[in-house]
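Here is the structure we will look at, set down as structure tokens.
Numbering (this note's numbering), first residue to last: 22 to 253.
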């Protein structure tokens with residue numbers, strides 16, 4: 022950080038301390054602002070209510086994948102096969118955000134991670150889930166177990182994508198906590214969240230996080246949209 026004059030730092034601090042909580046206004050129904058270093062909540066709006074998280078729940082999908090890379094049960098060079106289910110549910114046939122994986126394609130874990138983070142590919146999520154756990158349902162069990170381990174009390178997962186399901190829920194608080202531990206536990210993967218494009222299958226796609234283009238210092242982690250969840 023720059024070395025500002027002490028009087029200026031003190032003045033800014035005074036302004037921050039004297040500003041009422043109502044000074045932060047948002048149209049968001051659920052929101053939270055958390056200090057990364059201390060975990061202190063600076064602002065909260067219905068932050069503890071479980072709601073539809075859309076693709077933001079992919080943060081738990083990659084957390085599970087990163088955990089397996091860290092413990093050695095998975096490697097970036099491992100090759101997974103794309104199933105018809107992954108293609109139909111999350112691929113080009115689905116009309117949702119996709120990595121454009123063809124049925125039967127052999128794809129590396131490293132490319133799948135990029136497809137999930139940068140392209141928000143639902144087919145990439147399902148392919149990873151099925152190959153790691155045998156089925157997306159069993160992968161969701163891994164996600165729920167990890168949520169419990171991390172102390173995420175208002176989250177429940179039924180799929181790896183965040184596609185609509187009445188029982189697939191997260192709170193804004195849990196998302197903030199998950200973002201914090203993801204950055205802390207896996208710093209080597211953090212730059213991927215600010216990578217602005219990724220080409221796979223000769224198709225160039227931009228990062229689906231619009232904040233990367235509108236805010237010069239934005240660095241991730243995830244956005245999402247469904248009709249039920251709205252813009253997240």
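Idealized CB from N, CA, C, for every residue including glycine. Here the structure is a predicted model, which means the values were calculated and not measured.
- Between the C-alpha atoms of residue 115 and residue 142 there is a straight-line separation of about 11 Å.
- Among the bridge pairs identified by DSSP, residue 219 is matched with 226.
- In this structure, the beta-carbon distance from residue 230 to residue 244 falls below 9 Å.
- The beta carbon of residue 227 sits closer than 7 Å to the beta carbons of 217 and 218 from its chain, once the five residues preceding and following it are set aside; these are given in chain order.
- With distances taken between CA atoms, residue 174 lies nearest to 166 out of 181, 180 and 166.
- Ranked by Cα distance from residue 172, the first of 156, 196, 151 and 155 is 196.
- Rounded to whole angstroms, residue 97 and residue 232 show a C-alpha spacing of 28 Å.
- Across the structure, residue 73 and residue 103 are spaced so that their CA atoms are roughly 27 Å apart.
- Counting C-beta pairs with one atom in each stretch, the segment 156-166 and the segment 125-137 have fewer than three that are closer than 8 Å, which means they do not touch.
- Taken atom to atom, the span from the alpha-carbon of residue 122 to that of residue 215 is near 22 Å.
- Spatial neighbours of residue 194 in its own chain (CB-CB distance under 6 Å, excluding positions within 5 residues in sequence) are listed in chain order as 53, 68 and 69.
- For residue 213, the number of other beta carbons within 10 angstroms of its own is at least 16, and it is reported as buried.
- One thing to note: residue 168 has its Cβ no nearer than 9 Å to the Cβ of residue 144.
- Residue state for residue 124 is assigned as coil, using DSSP reduced to three classes.
- Residue pairing from DSSP places residue 65 in a beta bridge opposite 53.
- Counting other Cβ atoms within 10 Å of its Cβ, residue 59 stays below 16 and is therefore classed as exposed.
- The C-alpha of residue 137 lies about 15 Å from the C-alpha of residue 152.
- Within the same chain, and ignoring the five residues on either side of residue 185 in sequence, the residues whose Cβ sits closer than 6 Å to its Cβ are 247 and 249.
- Assigned with DSSP and collapsed to three states, residue 202 falls in helix.
- In the DSSP assignment, residue 100 falls within the unbroken beta strand (DSSP E) covering 100-102.
- Exclusion of the five residues before and after residue 200 leaves 80 and 242 as the residues of its chain whose Cβ lies within less than 7 Å of its Cβ.
- Boundaries of the alpha helix (DSSP H) harbouring residue 110: 105-111, taken from the DSSP string.
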